[in-house]
Amino acid sequence: MAHLLQPRAYVALLALLAALLIPIGLQSSFVFHLAIQVCVFASLAVAWNIVGGFTGQLSLGHAVFYGIGSYAAGLLVAHFGIPPWLGMFAGALVSMITALVIAYPTMRLRGPFFSLATIAFLEVARLLVIHEESWTGGSAGLNVPLQIGLKWMIFREKWAYLLVAFGFFLFTLLISWMVRRSRFGFYLIAVREREDAARAVGVNAVNAKMMAAVISAALTSLIGSFHGMYLTFLEPSSAFSLEMSIQIAMFALIGGIGTVAGPVIGAVLVLPVAELARGWLSAFGNGTHGFVYGVLLVVVVLFFPRGIVGHLSERVLRIVDRLPRGPLPQKELITSLRPSFHLAPKGTPILKAVNLEKRFGGLRATDKVSITLHAGEILGVIGPNGAGKTTVFNQLSGFIKPDKGTVQVLDASGVWVSPSTPEIFAKAGVGRTFQIVQPFAGMSVLENIMLGGFLHTPHRNEAEAIAQEVADLTDLTKLLHTEARSLTIGGMKRLEVARALATRPRILLLDEVLAGLNPSDVVKAIEMIRRIRDAGISVLMIEHLMQATMALSDRIVVIDLGRVLRQGKPEEVVNDIEVIQAYLGKGYTHAESS
Amino acid sequence: MSLLLQLLVNGLLLGGAYAIISIGLTLIFGVVRIVNFAHGEFLMIGMYVVWLFAQHMGLHPYAAAPLVALLLFCLGALMQRAIIQPLLSADGHIQIFATVGVSTALLNLALMLFGADIRKVDAVFGTEPLSLGSLTYVSGQLITFVAALLIATALHLFLKHTYTGRAFRALSQNRVAAALMGVNVNAMYVLAFGMGTGLVGLAAGLISVQYPAFPTVGSYFVLTAFVIVVLGGMGSLPGAVIGSLFIGLIDSFAGYFVGPDLKEVVYFLVFLGILSIRPTGLFGLGRGSE
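The following block contains the structure:
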């Protein structure tokens, strides 16, 4: 509870309380109405943000869940006399199922296509409600029976509505905050930023997106149920409207998409302005507040695309931190978890690829490649450009499925398994880096590494402890709190390794981690790879830098034209005539001998 | 039999009207790589302007069409220059919000200026019922249909045989490479966006004979146009024409056999089905158009 005495916590609490106390103090029915609307729309925006912000899927059909919630509660009251306190859960259930139905086919869609698909679903829902006139009331709408009392969520006094609305708002905010702080929240953002890199540290992207869609739908639906009871009149054209969907998303954008507080701030600032504008410009009739929203939206995207929170949060937080009691001291880490590797005896196989074949159209990219990695060794994979090294690599980590052949991994309990997807490979103990670095640019170095750490623990502080330890091994300790996007290329390559190490792999696949580094970074990286091997991790590395590979590798596999050309000790391979020919062409050997 | 034939003719003629709107949308997407959520509102503005011309100057919608096209060309070019161009390298969600914002603002502006009432042009030419054997149709629908085919052909020739057209196609395939070949990217984008909205101006002139103007008329047409353009593959001109005729037919047949209030449900479901099988549409440009 000591946290509550910290400035950031008490300022936030005071702000929330003000939202409740100001209207109660003013006792004006207009202010009450405004406060209720702000609570409702802030909640809707917070719920939307779980999908639209955290996972970055811009739903413009979220009114579907609002509509389902309000209609479910309204219809159950009207037809069966079931109180909305129960009805809203029925609505939430229907919304969750609907979210799954929508999310599954639209999962692969990106950007505007996802938005269009959600609009299409919204239209279908609206038209169906209008069509089913006999029990929904059709386009004429549905009146909720006016039974007053807490049981029916319908009150004579506005303050009672406000209390309930505030309760819904707090609940939604709490869920959003919990999601953002949890491992799940990390995963959502990772999937949004770089799906491939997320899968490589064991994130099941499909499950994460579906889960977010379901949570967001349920929350939106619950708020819809309440709002239906508040309005006491439901009609398809407003409950299932595109306009409302846009409005919800807009509050989140203006406040700051992808943050917990942003959607709230957006709704608190914009909604009253628009409502007042409606009053002042009433001569123009309908449309005034919509016009204000539209213009505001354009202005915000042009000048403040990161929203209010994105542009101002640092400054505001600095002021808040100056308040009594100061900022939280950086807390000491509770535990340092030494990774406990289940070590296979040195020199025995730990990863086996047998007769891998992969074709891309007419191109035989991988042709009967068999590679075995032994415990505790560094295996270098070399070959000229276009030899098919990266394709093999992608098959060893599940990003490409081989047409023929198998990849087997000795898992932590000593059983041979054949993983099928990147996330299962990660769980089986295979970590990988990407040749083209894939940092989660908006996250700090620490958070990047923590993503890997979350593979084995759902707890933040444990993931953080793992991250600290890995950072030590990869020379990143000093950079832990910088944003990943500001690292040098050498730093980013080490971050790739760190993130993979944090999954506590027993097998590490390194894709050209030395390429593009300056000489002093190369030296650091070579030492790092040795440290990794000495910690008991078996390393398979693709590399172009010949000298470094020769120096590091215990064994070398040469790949050319999709086939394994040679394998053996570095000094044997490097003098092999076929290898020299593959790299330098036949003419070279003739030139040598003459 | 004659019923089916009549439904077929109705569907194809309706497809003609959709085609002109969809061609503009697909042109903008193909070249500028922006999904213009405000496309329908440009149509709505066009229809109000047509109505104003007819009301105050007695100008027939067909005569007003070129003027409206010019006006909308300018508006579209302005939107590209002032709003889209600064956001070309912004995040996808920012671009979506930008055009959605324009759409919301324009729709509500119309609501403020004209109210929610419908405004219908009284034109004689274009509304005469005609018949061919047992088939009946309205002359304006046929004119729109023929005009749509002519416009599509003209645009096709333009894209194939002029420098500007080639520049458009080059831009749609690779913006950076086209710029390196000396294509003035920003100017071409302004031109393409203007042409796309200009086409909507022509559409406004042509369909105002049959359809009244009201603030949400744009959303009514453009949601269908989105379906068409995604079906045909974003950015594909033949796809947009074929998609229009296809949706026109679904509209006509589903309206008769399923019920007029559910015909949209049918083609939205077709749309969602196709999107989930082929995320870039039937004749999509493939990767990068996602």
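First to last, the protein sequences are chains U and V. Residue 1160 is where the first sequence starts when you use my numbering, and the numbers rise one by one after that. Residue 148 is where the second sequence starts when you use my numbering, and the numbers rise one by one after that. Even for Gly, the Cβ is constructed at its ideal location relative to N, Cα and C. Here the structure is a predicted model, which means the values were calculated and not measured.
Margin query: Beta carbons nearer than 9 angstroms to chain U: which residues of the segment 230 to 243 of chain V have them?
Written below: I230, P233, L234, A237, D238, G239, H240, I241, Q242 and I243
Item checked: Bridge partners - U:M1700, DSSP secondary structure assignment -> Residue mapping note: residue 1700 of chain U aligns to position 541 of the first sequence, counting from 1. DSSP, once it has assigned bridges, lists U:G1539 and U:L1669 as partnering U:M1700.
Item checked: DSSP three-state assignment for U:P1242, whether helix, strand or coil -> Along the first sequence, one-based indexing puts residue 1242 of chain U at 83. Coil, per DSSP.
Notebook entry, point to check: Quick one, are the C-beta atoms of V:T291 and V:A164 less than 8 angstroms apart?
Noted result: In the second sequence, the residue the question calls residue 291 of chain V occupies position 144. In the second sequence, the residue the question calls residue 164 of chain V occupies position 17. The answer is yes: Cβ separation under 8 angstroms.
Item checked: Where U:N1302 sits in the DSSP three-state scheme -> Within the first sequence, the letter at position 143 stands for residue 1302 of chain U. Reduced to three states, the DSSP call for U:N1302 is strand.
Note to self: Between the segment 154 to 169 of chain V and the segment 337 to 356 of chain V, can you find at least three pairs of beta-carbon atoms closer than 8 angstroms?
What the structure shows: yes
Next item on the list: Could you check what DSSP says for V:T274 in three-state terms: helix, strand or coil?
Entry: Residue numbering aside, residue 274 of chain V sits at position 127 when the second sequence is read from its first letter. If DSSP states are grouped into helix, strand and coil, V:T274 belongs with coil.
Notebook entry, point to check: Given a limit of 7 angstroms on CB to CB distance, which residues of the segment 398 to 429 of chain V reach chain U?
Noted result: D408, L409, E411, V412, F415, L416, F418, L419, L422, S423 and P426
Check: Could you give the uninterrupted runs of the alpha helix (DSSP H) lying entirely in the segment 236 to 288 of chain V, keeping only those of 4 residues or more?
Finding: 239 to 261
Notebook entry, point to check: CB-CB under 7 angstroms to V:L318, same chain, minus the five flanking residues each way: which ones, in chain order?
Noted result: Stepping through the second sequence from its first residue, residue 318 of chain V is reached at position 171. Answer for V:L318: V178, A325, V330, V332 and M335, listed in chain order.
Note to self: Strictly under 8 angstroms for the Cβ-Cβ distance: is U:L1275 near chain V by that measure?
What the structure shows: Against the first sequence, residue 1275 of chain U aligns to sequence position 116. At least one chain V Cβ lies under 8 angstroms of U:L1275.
Notebook entry, point to check: Using a C-beta cutoff of 8 angstroms, does U:L1172 count as contacting chain V?
Noted result: Stepping through the first sequence from its first residue, residue 1172 of chain U is reached at position 13. Not an interface residue.
Next item on the list: Within 10 angstroms of the Cβ of U:I1493, are there 16 or more other Cβ atoms? Answer buried if so, exposed if not.
Entry: Against the first sequence, residue 1493 of chain U aligns to sequence position 334. Its pLDDT being 42, under 50, U:I1493 is placed unreliably by the model, and nothing is read from it.
Next item on the list: Along the alpha helix (DSSP H) that carries U:P1422, what are the first and last residues, could you check?
Entry: Residue mapping note: residue 1422 of chain U aligns to position 263 of the first sequence, counting from 1. That run of the alpha helix (DSSP H) goes G1421 to W1439.
Check: Between U:E1491 and the rest of its own chain, which residues show a CB-CB distance below 7 angstroms, the 5 nearest in sequence each way excluded?
Finding: Start at 1 with the first residue of the first sequence, and residue 1491 of chain U comes out as number 332. Below a pLDDT of 50, predicted positions are generally treated as unreliable, and U:E1491, at 45, falls in that range; the measurement from the model is reported next regardless. There are no such residues.
Check: What do you reckon, are the CB atoms on U:P1395 and U:F1410 nearer than 8 angstroms?
Finding: For this step, residue 1395 of chain U is matched to residue 236 along the first sequence. For this step, residue 1410 of chain U is matched to residue 251 along the first sequence. Contact: no.
Notebook entry, point to check: Are the beta-carbon atoms belonging to U:A1657 and U:A1600 less than 8 angstroms from one another?
Noted result: Indexing the first sequence from 1 puts residue 1657 of chain U at position 498. Indexing the first sequence from 1 puts residue 1600 of chain U at position 441. Cβ distance not < 8 angstroms, so U:A1657 and U:A1600 don't count as in contact.
Next item on the list: Determine the burial state of U:T1447: buried for a count of at least 16 other Cβ atoms within 10 Å of its Cβ, exposed for fewer.
Entry: Position 288 of the first sequence, counted from the start, is the residue given in the question as residue 1447 of chain U. Result: buried.
Notebook entry, point to check: Would V:G386 count as contacting chain U if we go by Cβ distances under 8 angstroms?
Noted result: Taking the second sequence and counting its residues from 1, the one referred to as residue 386 of chain V is at position 239. False, the Cβ-Cβ gap to chain U never drops below 8 angstroms.
Note to self: Using the three-state DSSP reduction, which class does U:E1316 fall into: helix, strand or coil?
What the structure shows: For the purposes of this step, residue 1316 of chain U is identified with residue 157 of the first sequence, where counting begins at 1. The answer is coil: DSSP assigns U:E1316 none of H, G, I, E or B.
Margin query: Is there a C-beta anywhere in chain U that falls below 8 angstroms from the one on V:N255?
Written below: The residue you call residue 255 of chain V lines up with position 108 of the second sequence. Closer than 8 angstroms to some Cβ of chain U, the Cβ of V:N255 qualifies, so yes.
Next item on the list: Evaluate U:A1177 with the Cβ neighbour count: other Cβ atoms within 10 Å of its Cβ, from every protein chain shown; 16 or more gives buried, anything less gives exposed.
Entry: Counted from its first residue, the first sequence places residue 1177 of chain U at position 18. U:A1177 is exposed by the Cβ-count criterion.
Checklist line | Interface partners of U:F1200 on chain V, CB under 9 angstroms | finding: Numbered from 1 along the first sequence, position 41 holds the residue referred to as residue 1200 of chain U. Per Cβ cutoff of 9 angstroms: no residues; U:F1200 is ~15 angstroms from chain V at best.
Check: What number of angstroms, rounded off, separates the C-alpha of U:L1476 from the C-alpha of U:R1167?
Finding: Translated into positions along the first sequence, residue 1476 of chain U becomes position 317. Translated into positions along the first sequence, residue 1167 of chain U becomes position 8. The alpha-carbon atoms of U:L1476 and U:R1167 are separated by roughly 8 angstroms.
Check: From V:F244, V:L302 and V:L199, pick the residue whose C-alpha is nearest to that of V:L260; which is it?
Finding: Residue mapping note: residue 260 of chain V aligns to position 113 of the second sequence, counting from 1. Nearest option by C-alpha distance: V:L199.
Margin query: I want to see whether chain U comes within less than 8 angstroms of V:M191, judged by CB atoms only; does it?
Written below: Here residue 191 of chain V corresponds to residue number 44 of the second sequence, with the count starting at 1. Taking Cβ atoms only, chain U never reaches closer than 8 angstroms to V:M191, which makes this a no.
Margin query: Can you tell me whether U:F1500 is helix, strand or coil according to DSSP?
Written below: For the purposes of this step, residue 1500 of chain U is taken as the residue at position 341 of the first sequence. Its pLDDT being 49, under 50, U:F1500 is placed unreliably in this model, and the value from its coordinates should be taken loosely. DSSP places U:F1500 in coil when its eight states are reduced to three.
Check: By DSSP, does U:H1290 sit in helix, in strand, or in coil?
Finding: Residue 1290 of chain U sits at position 131 when you count from the first residue of the first sequence. Here U:H1290 sits in helix by DSSP.
Item checked: Residues that U:V1528 bridges to, as DSSP identifies them -> Start at 1 with the first residue of the first sequence, and residue 1528 of chain U comes out as number 369. U:L1515.
Check: Do the segment 1587 to 1599 of chain U and the segment 1661 to 1673 of chain U meet, that is, are 3 or more Cβ pairs less than 8 angstroms apart?
Finding: Of all C-beta pairs linking the segment 1587 to 1599 of chain U to the segment 1661 to 1673 of chain U, three or more are shorter than 8 angstroms, placing the two stretches in contact.
Notebook entry, point to check: In chain order, what residues of the same chain have a beta carbon less than 7 angstroms from the beta carbon of U:L1173, not counting five sequence neighbours either side?
Noted result: Sequence index remark: in the first sequence, residue 1173 of chain U carries index 14 (1-based). Hits under 7 angstroms: none found.
Item checked: Beta-carbon separation (whole angstroms), V:A360 vs V:L253, contact threshold 8 angstroms -> Against the second sequence, residue 360 of chain V aligns to sequence position 213. Against the second sequence, residue 253 of chain V aligns to sequence position 106. With a contact defined as Cβ atoms closer than 8 angstroms, V:A360 and V:L253 miss out at about 13 angstroms.
Next item on the list: Taking only beta-carbon positions, decide if V:T251 is within less than 8 angstroms of chain U.
Entry: The residue labelled residue 251 of chain V in the question sits at position 104 within the second sequence. Judged by the 8 angstroms Cβ criterion, V:T251 is in contact with chain U.
Next item on the list: Would you identify the three-state DSSP class for U:T1565, choosing helix, strand or coil?
Entry: On the first sequence, position 406 is the one that residue 1565 of chain U refers to. Of the three classes helix, strand and coil, the one that applies to U:T1565 here is strand, per DSSP.
Check: Are the Cβ atoms of U:A1524 and U:R1518 separated by less than 8 angstroms?
Finding: Along the first sequence, read from residue 1 onward, the residue named residue 1524 of chain U stands at position 365. Along the first sequence, read from residue 1 onward, the residue named residue 1518 of chain U stands at position 359. The answer is yes: Cβ separation under 8 angstroms.
Checklist line | Residues of the segment 1289 to 1321 of chain U with Cβ closer than 7 angstroms to any Cβ of chain V, in chain order | finding: I1289 and H1290
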